[in-house]
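Chains as they are written, first to last, in the numbering used here: chain A, 1 to 219; chain B, 220 to 438.
Just so it is clear, CB atoms sit at the ideal spot from N, CA and C, and this is done for glycine as well.
Here is the structure we will look at, set down as structure tokens.
There are 2 protein chains.
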Amino acid sequence: MMKVAILGGTGNIGVGLSLRLAVANYSVVVGSRSEDKARKKVEEYNSILNKLGCENRIGFADNSTASKICDITILAIPYKHAFSTAESLREELEGKIVVSPVVPMKKEGNTFVYDPPEEGSAAEKIASILDCSKVVSAFQTVPAKKFSNMNSKFDWDVPVCGDDEKAKKTVMDLVNSIDGLRALNAGPLKSSRLVESITPLLINLAIKNGIYDLSIKFV
Amino acid sequence: MMKVAILGGTGNIGVGLSLRLAVANYSVVVGSRSEDKARKKVEEYNSILNKLGCENRIGFADNSTASKICDITILAIPYKHAFSTAESLREELEGKIVVSPVVPMKKEGNTFVYDPPEEGSAAEKIASILDCSKVVSAFQTVPAKKFSNMNSKFDWDVPVCGDDEKAKKTVMDLVNSIDGLRALNAGPLKSSRLVESITPLLINLAIKNGIYDLSIKFV
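What follows is the structure, encoded as structure tokens:
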């Protein structure tokens, strides 16, 4: 059973990832800056899993411990903290598969714009901080709220980018293990900018057309 | 009946646009650098329309005349010629609605990358060349080959960007007039970069996953 650390597993996209990967039988450890916050959230998650009839249980730890004991670490952390968190976990994440769902964006007037770092994308910057070839980008276009509701039904595609083909394959398997998601190989990590920039578009489409919780399907 | 000039209407996305807008009862004029080439292609198109039982017929002209006599001009022109064509039609296009399906991209190794001009996107550059607020971007993510085959069935979304709300609404109506396309308001013209950059992603996904003629649906 592969062990997956979900840093920032107490909020946003981390909620759905924790629950749905547990349902898919991964061994999930929720990481947080505060172990206390993680414990409290994980109690909620395990009670939801219980009600779903799922026997798998989620563990918790501080970010450093979670990263150390797991095979895959998902940085489900808001953009403004993602890079500093990666910086602080350089040792723990050495040689590990690291998944970036991070989207660098900002608001200009009523419109969200893609605001990538100098490296070209958030995923490339994280790879550069960690000096790691096993950074894989995924999940940017999954809408957090709908994803976290275990009653939601969906049929979404998840483009996956990475330079290490084995690591990318491992993450694509992880994506495909979640009911309603289809992983697609979107090429090398430098293509992550083409995926990250879809997220501000999805938010703009939602606001301007009144259709919420949008994701993508390639048809 | 609104008159639509389709420059580059003899190739690529122009084929499907010409035929499908004629079916939707627009008055279509195919423009080309060579009037002869336009005449020959339009004969083919009209024979297809005839077989489809569509009574509407497509006209042809050189690019300059087509732009002059029409209300809307679609620049269905390959990236490398799009800007020089716009430059050469500044007078003809003054005050007109101009639609940009142009995608600036290049190949690096086996991967297509988005390669926008300094202005941020092809559509913004065209607006700057024409000094025109009625530039609207659309159709970048529509796969030309499948779109040109009148037997194809599809269900695709077309994000539409523009700064002039009335012009954008006119183009959204035009998009929605085509069976199988749904126009979505994607915000101001500066958001065109978020849409244009989906096209290299679509091509990469096709190549790397062996699924061709991909477009997008927001679900």
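Checklist entry - According to the neighbour-count rule (16 or more other Cβ atoms, all chains shown, within 10 Å of its Cβ), is B/Asn-269 buried or exposed? => result exposed
Next on the checklist: Considering only DSSP beta bridges, list what B/Phe-437 is partnered with.
Outcome noted: A/Ile-216
Next on the checklist: Distance check for A/Val-102 and B/Met-221, CA to CA, integer angstroms please.
Outcome noted: 45 Å
Next on the checklist: Any beta carbon of chain B sitting closer than 8 Å to that of A/Tyr-114?
Outcome noted: yes
Checklist entry - Between the stretch 390-415 of chain B and chain A, which residues of the former have a C-beta closer than 8 Å to a C-beta of the latter? => result Leu-403, Asn-404, Ala-405, Gly-406, Pro-407, Lys-409, Ser-410, Arg-412, Leu-413 and Val-414
Next on the checklist: Let's see if you can read the secondary structure: which residues bound the beta strand (DSSP E) around A/Arg-182?
Outcome noted: 181-185
Checklist entry - For B/Leu-312, does the three-state DSSP call read helix, strand or coil? => result coil
Checklist entry - Shorter than 8 Å from the beta carbon of A/Val-135 to some beta carbon of chain B? => result no
Item to check | Reduced DSSP category for B/Asp-374 - H, G, I as helix; E, B as strand; rest coil | outcome: coil
Checklist entry - What's the C-alpha gap between A/Phe-147 and B/Lys-260? => result 49 Å
Checklist entry - Between A/Ser-32, A/Pro-116 and A/Ala-86, which lies nearest to B/Leu-413 when the distance is taken from Cα to Cα? => result A/Pro-116
Item to check | Beta-carbon contacts of B/Cys-289 that lie in its chain and below 7 Å, excluding the five residues immediately before and after | outcome: Lys-222, Val-223, Ala-224 and Val-248
Next on the checklist: Taking 8 Å as the threshold (beta carbon to beta carbon), is B/Asn-368 in contact with chain A?
Outcome noted: no
Checklist entry - Three-state secondary structure (DSSP) at A/Gly-8? => result coil
Checklist entry - According to DSSP, what are the bridge partners of B/Tyr-333? => result B/Met-324
Next on the checklist: Please determine whether the Cβ atom of A/Asp-163 lies at a distance below 7 Å from any heavy atom of the ligand NAD.
Outcome noted: Looking at this structure, you won't find the ligand NAD or any other ligand, since it has none at all.
Checklist entry - According to DSSP, which residues form a beta bridge with B/Asp-281? => result B/Ser-251
Next on the checklist: Let me check one thing: in DSSP terms, what residues is A/Cys-132 bridge-paired to?
Outcome noted: Answer by DSSP bridge pairing: none, since A/Cys-132 is not bridged.
Checklist entry - Is B/Ile-296 helix, strand or coil when you go by DSSP? => result coil
Item to check | 8 Å contact criterion, which B/Ala-346 and B/Leu-408 should meet: CB distance rounded | outcome: 6 Å
Checklist entry - Since B/Thr-330 meets chain A, which of its residues come closer than 8 Å, beta carbon to beta carbon? => result Gly-187, Pro-188, Lys-190 and Ser-191
Item to check | Within chain B, the residues that A/Val-102 reaches when beta carbons sit closer than 8 Å | outcome: Result: empty, since nearest Cβ-Cβ is about 17 Å, beyond 8 Å.
Checklist entry - What did DSSP end up calling B/Ile-397 once you bin it into helix, strand or coil? => result coil
Checklist entry - Near B/Glu-262, what residues of its chain come up, given a Cβ to Cβ distance below 6 Å and the 5 sequence neighbours on each side ignored? => result none
Next on the checklist: Quick check: the Cα distance between B/Phe-373 and B/Met-324, rounded to an integer number of angstroms?
Outcome noted: 25 Å
Next on the checklist: Could you compute how far the alpha carbon of B/Gly-406 sits from the alpha carbon of B/Thr-284?
Outcome noted: 31 Å
Checklist entry - Using the beta-carbon of each residue, which ones in chain A are nearer than 9 Å to B/Lys-436? => result Ile-216, Lys-217, Phe-218 and Val-219
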